[in-house]
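Beneath this line is the structure, given in structure tokens, with notes to follow.
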Amino acid sequence: MVHPLDDFDLIKRFDTNEMLKVIESFPEMSLDALKTVETYNLKIDKKDFRNVVIAGMGGSAIGGVLLRDWLQPTCHTPIIISKQYKLPSYVNENTLLLAVSYSGNTEETLSALNEAKIKQSSIIVFTSGGKMASYAEHEGIPCVKLPGGFQPRAAIPYQFFSLAAIARKIGLVDGAWSEVDESVNLLSTLRSEMKLESPYASNLAKQIAFQIKGYIPFIYGSSIHEGVAYRWNTQINENSKIPAGSSSFPEAFHNAVMASEADSELLKNACAIFLIDPYEQKETAAKIQVFHEIMSRRFGRLIEIHARGNDRLSRIMSALYIGDFVSTYLGLLYGRNPSSIDSINELKRTQVK
Ligand code: PA5
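Every number in this note's numbering is 23 more than the matching position in the sequence shown, counting from 1.
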């Protein structure tokens, strides 16, 4: 019998907006983003910013989170993610504000952008259009134009690699840039392993999705994968339409571990997913083993995902890419359209006068 995730007709019936095809294009989208930013002649000084604040919501915030996680050990300028209407009070004329909204119409991000303009911060916007593109044009703010037609969360290669290329132009990346090529090559290898045509028997993402079905997943990421664990969580919410939770190490040792003491009836449907990094700090790695052992006593299911690659960016990107495929296959297993976002849209229609 054909496995449901190898049944192309069934997949086509639910994946009406072709989320899988878009995810399969991740490597090409990444290269396109890098090439496009290369051609930009943005009027932005390479000055010593006191901080870089990346404003965005949901799928448009994650690129900034990944940039922060990637550059954390090497970049001397603080990179802060702001997911609010209001910016932190330290934002001023010494701040570089990177405002990211795929649609260009997200009210929180537009509000942050407006505030940064008033505070005379240096600004670059990243958008496919909408009010943000018009505002940038009107105010003479540099704009990185993202191609339209995707779900914001599926445009992550454009968002992340555009942010990364701009960060490089202003001198935040330095030696870490050499990791970009390897990470894109690795994405291509992973795509071959996890794409729709790759059968269930040898497709890691299909197998993991099948194991998660029927469970509420909780994702625990190695320290480098704090943002990726959260991305898994939100991709499972949006693409699979199910609840999920996430945390990262070592923070999870101080709270999430207590979930192992919950009622057995509850825990039998809980699935702990570990995003394991091969280069985890040794103190943390030792405690992850104990955490795993505690959770395995009570959680209904445990799954380990191993990040691939040697450098930091490859490990981040590989762990993220596996999650993008898994969440999409999981949504399809539940008979849902991975692209639909009816409840998000209902909330976006709520306007306070
Ligand atoms: O994944 C999604 O569709 C959402 O999380 C959006 O990214 C979020 O609502 C913000 O919208 P935008 O990315 O257009 O600014």
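We put the beta carbon where it would ideally sit given N, CA and C, even for glycine.
Beta-carbon gap between residue i and residue j smaller than 8 Å
{"i": "residue 29", "j": "residue 223", "result": "yes"}
{"i": "residue 72", "j": "residue 117", "result": "yes"}
{"i": "residue 47", "j": "residue 214", "result": "yes"}
{"i": "residue 82", "j": "residue 176", "result": "yes"}
{"i": "residue 336", "j": "residue 199", "result": "yes"}
{"i": "residue 154", "j": "residue 127", "result": "yes"}
{"i": "residue 170", "j": "residue 53", "result": "no"}
{"i": "residue 189", "j": "residue 167", "result": "yes"}
{"i": "residue 378", "j": "residue 102", "result": "Nothing in the structure corresponds to residue 378, since the chain is present only between 24 and 376."}
{"i": "residue 114", "j": "residue 144", "result": "yes"}
{"i": "residue 283", "j": "residue 324", "result": "no"}
{"i": "residue 275", "j": "residue 301", "result": "no"}
{"i": "residue 332", "j": "residue 205", "result": "yes"}
{"i": "residue 100", "j": "residue 195", "result": "yes"}
{"i": "residue 227", "j": "residue 50", "result": "no"}
{"i": "residue 317", "j": "residue 272", "result": "no"}
{"i": "residue 129", "j": "residue 80", "result": "yes"}
{"i": "residue 162", "j": "residue 140", "result": "yes"}
{"i": "residue 235", "j": "residue 165", "result": "no"}
{"i": "residue 221", "j": "residue 303", "result": "no"}
{"i": "residue 135", "j": "residue 78", "result": "yes"}
{"i": "residue 89", "j": "residue 339", "result": "yes"}
{"i": "residue 193", "j": "residue 92", "result": "no"}
{"i": "residue 197", "j": "residue 307", "result": "no"}
Exposure label - residue i; buried when at least 16 CB within 10 Å
{"i": "residue 31", "result": "exposed"}
{"i": "residue 174", "result": "buried"}
{"i": "residue 148", "result": "buried"}
{"i": "residue 243", "result": "buried"}
{"i": "residue 35", "result": "exposed"}
{"i": "residue 351", "result": "buried"}
{"i": "residue 65", "result": "exposed"}
{"i": "residue 219", "result": "buried"}
{"i": "residue 132", "result": "buried"}
{"i": "residue 346", "result": "buried"}
{"i": "residue 361", "result": "buried"}
{"i": "residue 293", "result": "buried"}
{"i": "residue 328", "result": "buried"}
{"i": "residue 45", "result": "buried"}
{"i": "residue 278", "result": "exposed"}
{"i": "residue 370", "result": "exposed"}
{"i": "residue 254", "result": "buried"}
{"i": "residue 290", "result": "buried"}
Ligand 1 heavy atom lying under 7 Å from the CB of residue i
{"i": "residue 124", "result": "yes"}
{"i": "residue 83", "result": "yes"}
{"i": "residue 364", "result": "yes"}
{"i": "residue 254", "result": "no"}
{"i": "residue 80", "result": "yes"}
{"i": "residue 378", "result": "Given a span of 24 to 376 for the chain in the structure shown, any question on residue 378 remains unanswerable."}
{"i": "residue 273", "result": "no"}
{"i": "residue 47", "result": "no"}
{"i": "residue 107", "result": "no"}
{"i": "residue 146", "result": "no"}
{"i": "residue 175", "result": "yes"}
{"i": "residue 367", "result": "yes"}
{"i": "residue 373", "result": "no"}
{"i": "residue 129", "result": "yes"}
{"i": "residue 118", "result": "no"}
{"i": "residue 132", "result": "yes"}
{"i": "residue 261", "result": "yes"}
Selection from the options that minimises the alpha carbon distance to residue i
{"i": "residue 355", "options": "146, 177, 232 and 106", "result": "232"}
{"i": "residue 43", "options": "125, 123 and 178", "result": "178"}
{"i": "residue 240", "options": "247, 252 and 246", "result": "252"}
{"i": "residue 75", "options": "66, 55, 64 and 110", "result": "110"}
{"i": "residue 358", "options": "264, 273, 300 and 308", "result": "264"}
{"i": "residue 295", "options": "158, 57, 237 and 197", "result": "237"}
{"i": "residue 120", "options": "131, 129, 104 and 130", "result": "104"}
{"i": "residue 353", "options": "304, 285, 261 and 286", "result": "261"}
{"i": "residue 363", "options": "184, 158, 61 and 259", "result": "259"}
{"i": "residue 207", "options": "184, 298 and 281", "result": "184"}
{"i": "residue 341", "options": "202, 285, 280 and 225", "result": "202"}
{"i": "residue 87", "options": "33, 182, 247 and 63", "result": "182"}
{"i": "residue 191", "options": "319, 125, 60 and 152", "result": "60"}
{"i": "residue 230", "options": "348, 63, 372 and 55", "result": "348"}
{"i": "residue 298", "options": "373, 326 and 366", "result": "326"}
Residue i Cβ short of 7 Å to ligand 3 heavy atom set
{"i": "residue 351", "result": "For the structure depicted, ligand 3 is absent and the ligand set comprises only ligand 1."}
is_contact[residue i, chain D] using C-beta, thresh 8 Å
{"i": "residue 372", "result": "No chain D appears in the structure shown, which is made up of a single protein chain."}
Q.
Could you tell me which whole beta strand (DSSP E) segments of length 3 or greater appear in the stretch 187–244?
A. 239–244
**Q.** Unbroken stretches of the alpha helix (DSSP H), 4 residues or longer, contained in the stretch 75–101
**A.** 85–94
**Q.** Complete alpha helix (DSSP H) runs within the stretch 102–143 (minimum length 4 residues, chain order)
**A.** 130–141
Q) Enumerated in chain order, which unbroken segments of the alpha helix (DSSP H) with a length of 4 residues or greater are wholly contained in the stretch 298–369? A) 305–321 and 335–356
Q: Any chance you could list the alpha helix (DSSP H) runs of at least 4 consecutive residues sitting entirely within the stretch 147–173, in chain order?
A: 153–162
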